[in-house]
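Notes follow once the structure below has been shown.
Numbering (the working numbering), first residue to last: 2 to 997.
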């Protein structure tokens with residue numbers, strides 16, 4: 002009931018604690034009505050100022066001037082009823098009104114200027130400096146594009162006042178001015194204190210992260226651009242007051258090659274199409290979206306379904322037409338009001354932008370899983386070399402594709418795709434109409450070869466069953482045409498296609514990326530033996546062999562591949578002597594393959610045999626042997642003029658070096674592999690696994706930036722595999738998030754983890770993987786002081802753990818950590834319930850450390866909030882912590898209980914000190930110091946903190962300065978003895994302050 006002034010004031014305070022958004026705004030409107038029932042100027046002013054704030058941050062800026070007019074009327078009539086805060090806000094919000102008027106095209110420019118004059122006059126009359134007034138003059142000049150530099154200098158040259166925008170916001174304004182002048186480098190230099198987090202406010206650095214995205218891209222500062230997107234978008238997501246920033250993030254995605262991510266952001270924020278109370282911000286949002294949608298239209302995706310204004314379905318083409326119509330009209334209204342073309346010109350400049358990078362920037366976050374988003378194809382790799390030309394004559398095209406296929410040249414795939422397109426469109430006429438159709442062979446042979454290509458494409462997608470089926474179908478077609486050798490080769494490939502993805506690093510027969518896994522079926526040796534016998538029979542056929550050399554080698558390679566696969570599965574961990582049966586079969590198969598390839602002069606097949614042997618040697622710990630073999634392979638391929646096969650050998654070599662702890666050389670070799678694969682546009686190369694290994698190697702070397710780049714790229718590459726790569730992508734992102742957290746970038750880590758969990762049901766990895774991701778996310782949010790969201794993640798995790806039958810101790814740990822998050826979120830009822838659950842779980846599945854930490858944190862929070870009145874409750878929590886420790890000591894006498902005992906004494910000392918019971922506080926502090934002694938050298942840092950607390954109580958609260966200083970002098974000497982220089986400086990500084 003809002004029937005008293007106190008009740009309305011309490012409701013205003015409660016509403017002020019709510020997040021900005023429609024619920025807060027509606028409540029603020031209701032509270033203005035409630036306040037109007039009372040003849041109390043102060044109450045009514047507070048209600049109006051709260052409503053104005055709600056409008057400002059809920060995308061309703063255009064409503065602010067009317068509200069402020071009521072505030073000014075109250076001010077002019079009864080300014081004595083305005084408190085200190087309300088008085089300051091009256092003058093502060095002149096700036097909000099100026100921004101609102103400027104951003105609304107229906108407000109005449111003369112009215113905007115009159116308001117500036119009103120602001121200037123009132124500031125002068127109140128004795129305030131005019132720097133904020135000149136800031137508004139500058140914003141006006143920048144908006145209309147006239148006398149901008151003069152206005153900038155008039156503002157920037159003036160000293161800041163108590164009513165100036167905060168330092169972070171003024172840095173953003175100055176940096177944005179430099180961007181408009183075309184000086185990205187100077188702008189980013191100006192932005193440094195904000196983007197680094199040194200200078201912040203309620204909106205910064207998040208708004209600046211959005212505005213700096215394109216300057217960072219243009220300057221090639223891609224790591225910073227990635228981070229600004231991850232951190233900035235998390236803050237802006239779904240916020241109607243930041244509609245402009247959301248549009249800038251969407252535009253960034255379009256210009257960094259991340260169109261699917263841009264569409265995902267658009268889908269998450271489609272409700273922002275309904276934000277109409279900030280026309281200037283709306284225009285920027287619509288234009289950012291149009292940059293993305295127009296790019297998709299130019300790429301031929303006009304029929305793609307996308308998210309647009311709620312209430313109907315949209316395609317790229319229909320949304321583009323809608324955007325152009327509304328945004329063009331809105332820009333035209335601004336230009337008509339302003340009498341200049343500046344707004345429309347800036348919009349046209351944005352729409353003229355094209356992607357700034359040759360390859361998509363890996364962002365580290367999950368690619369969209371929704372079908373309409375996944376429909377945007379990944380841009381195929383572009384070879385950084387001269388590509389094989391496509392003959393116009395169909396017969397020449399087919400013959401050249403066969404030649405390249407025999408060599409394993411990556412351009413064969415492109416030529417075969419072109420053959421398939423022409424054959425599908427023209428049918429048999431393409432064959433019969435060729436200049437020399439007899440050279441092409443029969444139409445049936447061509448159909449069989451195209452079936453083989455479809456099989457290879459399916460295997461590259463890791464669709465093992467489809468790949469095997471296509472190979473069997475190709476075998477039937479070849480046999481129908483009398484090509485027994487080709488039929489045998491295709492059918493033999495089908496036998497190994499459903500085994501684990503190509504562990505060997507070569508995918509010529511039956512495999513895909515070396516990091517992929519298929520169903521893992523047992524090897525059908527009987528069928529492979531039959532295939533070999535038939536191959537020998539065909540090779541020895543009277544009248545000339547019915548089996549080409551390469552088809553014979555395919556049969557041998559399939560056997561070698563199968564033996565390799567079988568041996569790898571049987572190898573013990575750690576490497577020991579391999580099982581004799583599998584090892585013997587592998588040796589025979591690889592030797593036969595190797596000798597046959599050498600006899601037939603096939604360098605390609607010979608080097609594949611060597612790679613099998615090298616891989617097994619590396620897995621058994623014979624790294625030097627493996628490395629020597631692989632270096633020989635690389636040299637032979639280069640000498641034979643087949644460098645397109647070297648990436649896989651480089652990749653295996655890098656893996657072996659990484660396994661041997663030679664990280665620096667491994668990074669160099671892995672990057673050679675990636676560069677060579679990119680050069681040859683080898684679409685089947687295991688880019689994801691190679692980037693993952695490069696990330697691990699870089700992390701071991703301490704090159705965090707390189708590791709983050711590599712893991713981000715690896716995650717994106719796994720995403721391209723669709724559902725088959727979802728588990729690997731999620732695991733890679735967990736590693737990336739851990740690396741980001743270690744690098745003190747928790748906001749980046751949280752953004753990555755949120756993307757892992759955003760589509761957990763569709764992604765498919767195991768429950769434990771998602772449990773770990775949710776735990777990491779909960780802890781990351783806690784680190785960012787987002788306690789409410791952290792608690793929600795802990796509670797979701799607790800629900801998931803209820804179905805587990807193993808690792809039950811996690812229930813205890815999660816309940817304890819959730820309780821602390823709930824308490825810090827000021828949800829005390831839920832926090833105490835979680836505490837009770839944690840204590841009950843502790844009885845069954847002990848986690849003494851987390852439970853004790855929870856109880857100590859409860860004690861600290863209670864006395865922080867309630868002071869001396871909370872002492873009894875705090876002491877009760879600490880008694881529970883002692884009881885938990887004592888039970889743990891009885892169960893495990895060897896446990897390190899010193900830390901738990903000392904920490905409780907320390908917290909009890911703090912609690913007594915807050916309650917002004919200083920003698921008891923000092924006694925507990927001394928007990929903490931003594932207890933830390935049991936921890937040896939590892940306890941010296943917390944012991945030094947306990948000494949600091951004891952000295953503060955002794956010297957400041959009890960007035961025993963000499964004793965406190967003596968205590969500190971001994972502690973300083975002790976810290977220096979143990980190399981704790983920072984702790985020594987803190988204690989020495991306190992000692993000097995006590996002397997003063």
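Heads up, the beta-carbon is just placed ideally off N, CA and C, and yes, glycines get one too.
request  = Output the residue ranges of the alpha helix (DSSP H) runs that lie fully inside the segment 131 to 163 and measure 4 residues or longer, sorted by chain position.
outcome  = Here the runs fully enclosed are 132 to 145 and 149 to 157.
key: Rounded C-alpha distance that separates residue 571 from residue 885   = Each residue's CA atom was taken as its position, placing residue 571 and residue 885 some 47 Å apart.
query = If you draw a straight line from the C-alpha of residue 26 to the C-alpha of residue 56, how long is it?
reply = Looking at the two C-alpha atoms, the distance is approximately 7 Å.
inquiry  = Please report the distance separating the alpha-carbon of residue 747 from that of residue 195.
reply    = If you take the alpha carbons of residue 747 and residue 195, they lie about 17 Å apart.
request  = Please say whether residue 235 and residue 282 have beta carbons closer to each other than 7 Å?
outcome  = No.
request  = Would you check if the distance between the CB atom of residue 823 and the CB atom of residue 792 is smaller than 7 Å?
outcome  = Against a cut-off of 7 Å, the Cβ pair of residue 792 and residue 823 comes out as a contact.
inquiry  = Just to confirm the assignment, what range does the alpha helix (DSSP H) spanning residue 66 have?
reply    = From DSSP, the alpha helix (DSSP H) with residue 66 extends over 65 to 79.
task = Rounded to whole angstroms, what's the CA-CA distance from residue 977 to residue 993? Just pull it up for me.
result = Those two C-alpha atoms are separated by around 17 Å.
query = Does the Cβ-Cβ distance between residue 490 and residue 552 come in under 7 Å?
reply = Residue 490 places its beta carbon less than 7 Å from that of residue 552.
inquiry  = Between which residues of its own chain and residue 852 is the CB-CB distance below 6 Å, once the five residues before and five after are set aside?
reply    = Within the same chain, residue 852 has close Cβ partners 817, 839, 843 and 885.
query = Just how far apart, CA to CA, sit residue 610 and residue 634?
reply = Their backbone Cα atoms lie some 10 Å apart in a straight line.
Inside the segment 624 to 674 only - alpha helix (DSSP H) runs reaching at least 4 residues = Positions of the alpha helix (DSSP H) runs, each at least 4 residues long and wholly inside the segment 624 to 674, are given as 624 to 640 and 647 to 660 in order along the chain.
request  = Identify whether residue 116 lies in helix, strand or coil by the three-state DSSP scheme.
outcome  = DSSP places residue 116 in helix when its eight states are reduced to three.
Closest by C-alpha distance to residue 768, when choosing among 803, 752, 749 and 233 = Checked all of 803, 752, 749 and 233; the closest Cα to residue 768 is 803.
query = Between which two residues does the alpha helix (DSSP H) carrying residue 522 extend?
reply = Where residue 522 is concerned, there is no enclosing alpha helix (DSSP H), given that its DSSP letter is neither H nor E.
message = Rounding to the nearest angstrom, what Cα-Cα distance links residue 476 and residue 737 in this structure?
response = Straight-line Cα distance between these residues: approximately 44 Å.
query = Among the residues of its own chain, which have a CB less than 6 Å from the CB of residue 68, if the five just before and after it don't count?
reply = 49, 52 and 53.
ask   = Who are residue 100's beta bridge partners in DSSP?
value = Per DSSP, residue 100 has no beta-bridge partner at all.
ask   = Since residue 477 is in the alpha helix (DSSP H), which residue starts that stretch and which ends it?
value = Its alpha helix (DSSP H) spans residues 465 to 481.
ask   = Just the Cα atoms here: how many angstroms apart are residue 452 and residue 446?
value = One C-alpha to the other measures close to 10 Å.
query = Going by alpha carbons, who is nearest to residue 4 out of 36, 23 and 785?
reply = Closest in alpha carbon position to residue 4, among 36, 23 and 785, is 36.
request  = Kindly indicate which residue of 688, 777 and 679 has the alpha-carbon position closest to the one of residue 1.
outcome  = Past the edges of the chain, shown from 2 to 997, lies residue 1, and the structure says nothing about it.
message = Threshold first: 4 residues or longer. Then list the alpha helix (DSSP H) segments lying entirely within the segment 903 to 976, N to C.
response = For the segment 903 to 976, whole alpha helix (DSSP H) runs of length 4 or above, ordered along the chain, are 919 to 934 and 941 to 953.
inquiry  = Taking the straight line between their C-alpha atoms, what separation do you get for residue 989 and residue 860?
reply    = Roughly 29 Å between the two C-alpha positions.
key: Runs of beta strand (DSSP E) lying entirely within the segment 276 to 324, each at least 3 residues, in chain order   = For the segment 276 to 324, not a single whole beta strand (DSSP E) run of length 3 or above is found.
query = Is it buried or exposed for residue 630, if we count other Cβ within 10 angstroms and need 16 for buried?
reply = It counts as buried.
key: Per-residue burial, residue 694 [other beta carbons within 10 Å of its own, 16 or more giving buried]   = By the beta-carbon neighbour count (other beta carbons within 10 angstroms, threshold 16), residue 694 is buried.
task = For the alpha helix (DSSP H) containing residue 61, list its first residue and its last residue.
result = That residue, residue 61, is in no alpha helix (DSSP H); it is neither H nor E in DSSP.
key: residue 879 and residue 905 closer than 7 Å at C-beta   = Contact flag set, yes.
query = Do residue 950 and residue 926 come within 7 Å of each other at the CB atom, strictly closer than that value?
reply = Result yes, Cβ atoms of residue 926 and residue 950 sit closer than 7 Å.
inquiry  = Is it buried or exposed, residue 809, if we count other Cβ atoms within 10 angstroms and call 16 or more buried?
reply    = Residue 809 is classed as exposed because its beta carbon has fewer than 16 other beta carbons within 10 Å across all chains shown.
inquiry  = Starting from residue 417, trace the alpha helix (DSSP H) in both directions and tell me its first and last residue.
reply    = It spans 412 to 427 - the alpha helix (DSSP H) in which residue 417 sits, taken as one unbroken run.
query = What residue range is occupied by the uninterrupted alpha helix (DSSP H) comprising residue 446?
reply = Run containing residue 446: 444 to 461, per the alpha helix (DSSP H) assignment.
message = If you reduce the DSSP assignment to three classes, tell me which class residue 228 lands in.
response = Residue 228 falls in the helix class under three-state DSSP.
inquiry  = Please classify residue 107 as buried or exposed, where buried requires at least 16 neighbouring CB atoms within 10 angstroms.
reply    = Per the 10 Å Cβ criterion, exposed.
request  = Alpha carbon to alpha carbon, how far is residue 313 from residue 15? Give it in angstroms, no decimals.
outcome  = Straight-line measurement puts the Cα of residue 313 at about 37 Å from the Cα of residue 15.
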